[in-house]
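K.L.:
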Amino acid sequence: MKTVSRPLPAYRRAGPGLCALALCVFALVARPGWAADAKPWLDTSQSFEARAAALVGQMTLEEKAAQMQNAAPAIERLGVPAYDWWNEALHGVARAGQATVFPQAIGLAATFDVPLMGEVATTISDEARAKHHQFVRDGSHGRYQGLTFWSPNINIFRDPRWGRGQETYGEDPYLTARMGVAFVRGLQGDDPVYRKLDATAKHFAVHSGPEADRHHFDARPSQRDLYDTYLPAFETLVKEGDVDAVMGAYNRVYGESASASRFLLRDILRRDWGFKGYVVSDCWAIVDIWKNHKIVATREEAAALAVKNGTELECGEEYATQPAAVRQGLISEAEIDDAVTRLFAARMRLGMFDPPERVRWARIPYSVNQAPAHDALALKAAQASLVLLKNDGTLPLPRTLKRIAVIGPTADDTMALLGNYYGTPAAPVTVLQGIRDAAKGIEVTYARGVDLVEGRDDPAATPLIEAAFLRPADGSPERGLRGEYFRTADLSGTPALVRTDAQIGFRWDRGSPTDNLLARGEAAPGQGIPNDGFSIRWSGQLLPPVSGRYRIEAAADDGYRLYLDGKRVLDRWTNSDRLRSDGVELDLQAGRAYDLRLEYYDAERDAGVRLAWRMPGAKPPFEEALDVARRADVVVFVGGLTGDVEGEEMTVNYPGFAGGDRTDMRLPSPQRALLEALHATGKPVVLVLTGGSALAVDWPQANLPAILMSWYPGQRGGTAVADALFGNINPAGRLPVTFYKADETMPAFDDYAMEGRTYRYFRGTPLYPFGHGLSYTRFDYSDLQLDKRVVAPDGRMTVRVQVANTGSRAGEEVVQLYVRPLQATPGAALQELRGFQRIHLKPGERRTVSFELAADTALRRYDEASRAYAVAPGRYEVRVGASSADLRASGQFDVQAAGR
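Numbering (the working numbering), first residue to last: 7 to 906.
1) Please report the Cβ distance between Ala72 and Ala78, rounded to the nearest whole angstrom; I am assuming they are in contact, meaning their Cβ atoms lie under 8 Å.
2) Do Leu61 and Glu339 count as a contact pair if the criterion is CB distance below 7 Å?
3) Reducing DSSP to helix, strand and coil, say where Lys70 ends up.
4) Report the rounded CA-to-CA distance for Pro15 versus Asp119, giving the unit in angstroms.
5) Is it right to say Thr129 is buried, meaning 16 or more other beta carbons lie within 10 angstroms of its own, or is it exposed?
6) By DSSP, does Asp892 sit in helix, in strand, or in coil?
7) Based on the DSSP output, what are the partners of Arg853 in its beta bridges?
8) If we count the other Cβ atoms within 10 Å of its Cβ and call it buried at 16 or more, is Gly192 buried or exposed?
9) Do the segment 482 to 502 and the segment 619 to 634 touch if we need at least three Cβ pairs shorter than 8 Å?
10) Span of the alpha helix (DSSP H) holding Gln843?
11) Do the CB positions of Ser582 and Asp571 come within less than 7 Å of each other?
12) May I have the straight-line CA-CA distance separating Ala759 from Thr863, to the nearest angstrom?
13) Which whole-angstrom value is the C-beta distance of Ala116 and Tyr428, which I expect to be below 8 Å?
14) Cβ of Glu217 within 7 Å of Cβ of Gly169?
15) Give a yes or no on whether the C-beta atoms belonging to Val809 and Phe785 are separated by under 7 Å.
16) Put Leu181 into one of helix, strand or coil per three-state DSSP.
17) In the DSSP output, which residue or residues are listed as bridge partners for Asn397?
18) Pairing CB atoms from the segment 325 to 335 with CB atoms from the segment 296 to 309, are three or more of them under 8 Å?
19) Rounded to whole angstroms, what's the CA-CA distance from Phe210 to Ile337? Just pull it up for me.
20) Whole angstroms are fine: how far does the CA of Ala748 sit from the CA of Leu181?
21) To the nearest angstrom, how far is it from the Cα of Trp296 to the Cα of Gly215?
22) Need the endpoints of the beta strand (DSSP E) that Leu568 sits in, please.
23) Quick one: grab the DSSP three-state call for Tyr556.
24) Excluding five sequence neighbours on each side, which residues of the same chain lie with their C-beta closer than 8 Å to the C-beta of Gln104?
25) Answer yes or no: do Val259 and Ala225 have a C-beta to C-beta separation smaller than 7 Å?
26) By the DSSP assignment, the beta strand (DSSP E) with Tyr767 in it spans what residues?
27) Cα separation between Asp443 and Ser781?
28) Verify the contact flag: Leu865, CB atom, against every heavy atom of the ligand NAD, threshold strictly below 6 Å.
29) Rounded to whole angstroms, how far is the Cβ of Ile441 from the Cβ of Val691, which I believe are closer than 8 Å?
30) Checking 7 Å against the spacing of the C-beta atoms, do Pro773 and Phe732 come in under that value?
31) Pull up the DSSP beta-bridge partners for Phe540, would you.
32) Inspect the beta-carbon positions of Trp717 and Gly113 and report whether they are closer than 7 Å.
33) Classify Gln898 as helix, strand or coil using the three-state DSSP reduction.
34) Taking 8 Å as the cut-off, does the segment 308 to 324 touch the segment 259 to 273 (at least 3 CB pairs, one atom from each stretch)?
35) Could you check the C-alpha separation between Asp381 and Thr725 for me, to the nearest Å?
36) To the nearest angstrom, report how far apart Tyr415 and Tyr875 are at their CA atoms.
Right, here's the structure in full:
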């Protein structure tokens, strides 16, 4: 890919002396008694470790124990502010209100673009720093407000059924390592003194489902699989990425809790790899040690075991028992001191105890959050992530079309853009909106058709009441409802903000209803609503267009009450863990105005509310979709999955899903039925898939003309999809996972052996291979050259290949290099990715692409007999091409025996 040099923003270029005055008012250090002679831990002439030790030396045992939990309280006598270590930034700053949302991690992996990943991570860290300093100025020190981020997830996506696989960079250790290092560097910054943020490599090290069993199971892979598959990415992020934190997992590994494993944390992580940072448990994983794994009998024993074996920080509350554990002789106070000193050294390295003018990152202004350049980068990343799975020439869609039917359950669903662990985008563009924006002069009609999955009470299935049928007061020329926004959860007090809302269809997630308004200057600072504990009253009149029986539905996270002509018709005034809906059927008359009032409150965390209806005479959604399709020239079906059905330990139990994981790799049955009926209309049907995992779309592959995989593409995902459909961009993403056929018999989900899994060990024929992705142009490979034909076990070689664009339009190609031994070795991978480059070529352009291979990393395999990595002598083959199954050029070389 062509690299464009851009000037850095001033806050990234400037030296420490250029601190803006407003950003220097940093509450963490603006305290009485600042003098370093009174508080040596504030002496910036000393090392962070020495300063941390001086601070810890002033603490009581109880204070130390409290600092080892994620929600660490303030120690006012020492000038230590409260700090919560828990923060998330998987594909944008998450759970902290509005932030730029990039494609989910699996989509970022599909870009096969390391420089782009670095840009994305740097942008995320800019927003994270800006948010943190604003929280500090506001006196907030809570969860999702700090500088320690529990990302990236570099577990290997070994099985397509795993619901959290969307958080990873796919099934390949090499791809995972390269994308992971770029992400960590972008988060942690390049300052020689202060870290920008702390990144956290998780979940160390053998963890990938099943979700329902994660608190109980014991993963026991072979040593070869452990060292060749599960460990390499972690090793690379520690040694090359200098990641500052590592998170343990819930499950056991070889009988030890992964969050209290001497083998993983002491022997491998610290002794073998030289890790100098800190380890954090997964949340409430320490509880599992005694309660579920039953490795020990008490809380005190579990807490002591975890610290002794290398977990300094707990997400949870078991470490509150550390003083009792010391008194019981289970652990020494010196061991506690060592752990707490590591934690405070990390906080000091982030600049939390130093004057802000010394900390380069403290100058990042809050205005960077969701800046136009960040939105543009989100679009660029979404475009780069799209994978064209099939195309018979139907795509790009011609501009001569008169009507396009957009159909499907994820076409107009914001959740289909986000996946899990997400922030709140200011103006998300769904696929439907993206197509409407791009299809200038073409009529675009829409029908949802079916619910996402069978048996789901989906609030999005019912259309919102449109503004044309609402007015804020009797006789008002305005359309919509009068909204009164309160800072309280019970509608008490004076509204902070009053405005007219055209429709009631909001999803604020963990943000505030006024975030957008304040950002656009449509609300004054005094009109701000808190993220949690607010309420809203909408009032006005409902104007039915026809007489008959209506079904009116309300949905909310958390509570709502709906009144019509003063009568309460719906009431769910209770907390909820998700958007829950209810409906009532009413006979309404056209020409009559009904007084309407909807009351809503949010308790905490996610927030959203909808007011919808189904009018008399409306056709069933399935039939409506077919009617819309018959009137169109082409159908774009948008379906697949959302984070509502696949994800982390979820309470979902629909056909094909269990606990966040999948039990059926096919499209959910309602979608399959509608897709086949649409095909039967005779209209061409283009399938756009959303989701975070491989889908067995055998029937669409055999019957439909084009299939595009969009993943969870982030806030500008709809724009990116439309750009690909109309040919404004040439899709070039590649699959970071294997797509298996529907009838493929997979190994048992809870079996962590790699045989039969991923392109490295799967011996069958996949539906789509790892690395697959088509283009609107053609690329040819030729003239592969190796600079050596014989390589020493610790030697290096260069591989070069010519790549030419032989098509009629510009495009990008992901050139992939794989290595395989020609002598079969029991248990070894069939082939392995060892290099990739994403390049841009104009029509007729040709380029030489070079790869450097170091034998001791590219060819190493774990030898169980010697218990060490080794490079086996013999003949190897280098293969270069467009996917793991589409290899266009090859060459062979020999590796000498050691010592020759």
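Every residue, glycine too, gets a C-beta built ideally from N, C-alpha and C. All values derive from a computational prediction rather than experimental measurement.
P.N.:
So, from the listed chains and residues:
1) Reading the sequence shown from its first residue, position 66 is the one you call residue 72. Reading the sequence shown from its first residue, position 72 is the one you call residue 78. Correct: roughly 6 Å between the Cβ atoms.
2) Residue mapping note: residue 339 aligns to position 333 of the sequence shown, counting from 1. Residue mapping note: residue 61 aligns to position 55 of the sequence shown, counting from 1. No, Cβ-Cβ distance for Glu339 and Leu61 is not below 7 Å.
3) Residue mapping note: residue 70 aligns to position 64 of the sequence shown, counting from 1. Helix, per DSSP.
4) Locating residue 15 in the sequence shown gives position 9, where the first residue counts as 1. Locating residue 119 in the sequence shown gives position 113, where the first residue counts as 1. Residue confidence is low: Pro15 scores 46 on pLDDT, short of 50, so the model does not pin down where it sits. No coordinate-derived value is stated.
5) Taking the sequence shown and counting its residues from 1, one reaches residue 129 at position 123. Counting Cβ neighbours within 10 Å, Thr129 comes out buried, since at least 16 surround it.
6) Sequence index remark: in the sequence shown, residue 892 carries index 886 (1-based). Three-state result, Asp892: coil.
7) By one-based count along the sequence shown, residue 853 stands at place 847. Per DSSP, Val809.
8) As a working mapping, residue 192 is identified with position 186 in the sequence shown. So Gly192 ends up on the buried side.
9) no
10) Along the sequence shown, read from residue 1 onward, the residue named residue 843 stands at position 837. It is not in any alpha helix (DSSP H) - Gln843 instead sits in the beta strand (DSSP E) that spans Glu838 to Leu847.
11) Start at 1 with the first residue of the sequence shown, and residue 582 comes out as number 576. Start at 1 with the first residue of the sequence shown, and residue 571 comes out as number 565. No.
12) The count along the sequence shown starts at 1 and reaches residue 759 at position 753. The count along the sequence shown starts at 1 and reaches residue 863 at position 857. The straight-line gap from Cα to Cα measures roughly 22 Å.
13) Taking the sequence shown and counting its residues from 1, one reaches residue 116 at position 110. Taking the sequence shown and counting its residues from 1, one reaches residue 428 at position 422. About 17 Å; that fails the 8 Å criterion.
14) By one-based count along the sequence shown, residue 217 stands at place 211. By one-based count along the sequence shown, residue 169 stands at place 163. A contact, by the Cβ cut-off of 7 Å.
15) Taking the first residue of the sequence shown as position 1, residue 809 is located at position 803. Taking the first residue of the sequence shown as position 1, residue 785 is located at position 779. For Val809 and Phe785, yes; Cβs fall inside 7 Å.
16) For the purposes of this step, residue 181 is identified with residue 175 of the sequence shown, where counting begins at 1. Helix at Leu181.
17) As a first step, residue 397 must be located in the sequence shown, where it is residue number 391. Paired residue(s): Ala712.
18) yes
19) The count along the sequence shown starts at 1 and reaches residue 210 at position 204. The count along the sequence shown starts at 1 and reaches residue 337 at position 331. Straight-line Cα distance between these residues: approximately 24 Å.
20) As a working note, residue 181 is residue 175 in the sequence shown. As a working note, residue 748 is residue 742 in the sequence shown. Cα-Cα distance, rounded: 26 Å.
21) Stepping through the sequence shown from its first residue, residue 296 is reached at position 290. Stepping through the sequence shown from its first residue, residue 215 is reached at position 209. So the two alpha carbons sit approximately 21 Å from each other.
22) Position 562 of the sequence shown, counting from 1, holds the residue named residue 568. Gly565 to Leu570 is the span of the beta strand (DSSP E), which, as asked, contains Leu568.
23) Position 550 of the sequence shown holds residue 556. Three-state DSSP puts Tyr556 in a strand.
24) Translated into positions along the sequence shown, residue 104 becomes position 98. Once the five neighbours on either side are set aside, the close Cβ partners of Gln104 are Asn375, Gln376, Gly429, Thr430, Pro431, Ala432, Gly517, Asp521, Asn522 and Ala525.
25) The residue given as residue 259 occupies position 253 in the sequence shown. The residue given as residue 225 occupies position 219 in the sequence shown. Taking 7 Å as the Cβ cut-off, Val259 and Ala225 qualify as a contacting pair.
26) In the sequence shown, counting from the first residue as 1, residue 767 sits at position 761. Tyr767 -> not in any beta strand (DSSP E); alpha helix (DSSP H) instead, spanning Thr764 to Tyr767.
27) Position 437 of the sequence shown holds residue 443. Position 775 of the sequence shown holds residue 781. Using only the alpha carbons, I get a separation of about 23 Å.
28) The ligand NAD is not part of this structure, which contains no ligands at all.
29) For the purposes of this step, residue 441 is taken as the residue at position 435 of the sequence shown. For the purposes of this step, residue 691 is taken as the residue at position 685 of the sequence shown. With a Cβ gap of about 14 Å, Ile441 and Val691 do not count as contacting.
30) As a position in the sequence shown, residue 773 is number 767, starting the count at 1. As a position in the sequence shown, residue 732 is number 726, starting the count at 1. Reading off the sequence, residue 773 comes out as Leu, not Pro. Their beta carbons are not under 7 Å apart, which means Leu773 does not touch Phe732 by this criterion.
31) Residue 540 sits at position 534 when you count from the first residue of the sequence shown. Answer is Asp608, bridged to Phe540.
32) Taking the first residue of the sequence shown as 1, we reach residue 717 at position 711. Taking the first residue of the sequence shown as 1, we reach residue 113 at position 107. Against a cut-off of 7 Å, the Cβ pair of Gly113 and Trp717 comes out as a contact.
33) Residue mapping note: residue 898 aligns to position 892 of the sequence shown, counting from 1. Reduced to three states, the DSSP call for Gln898 is strand.
34) yes
35) Counted from its first residue, the sequence shown places residue 381 at position 375. Counted from its first residue, the sequence shown places residue 725 at position 719. So the alpha carbons of these two residues sit roughly 11 Å apart.
36) Looking up residue 415 in the sequence shown gives position 409. Looking up residue 875 in the sequence shown gives position 869. Position check: residue 415 holds Pro in this sequence, whereas Tyr was assumed. Straight-line Cα distance between these residues: approximately 49 Å.
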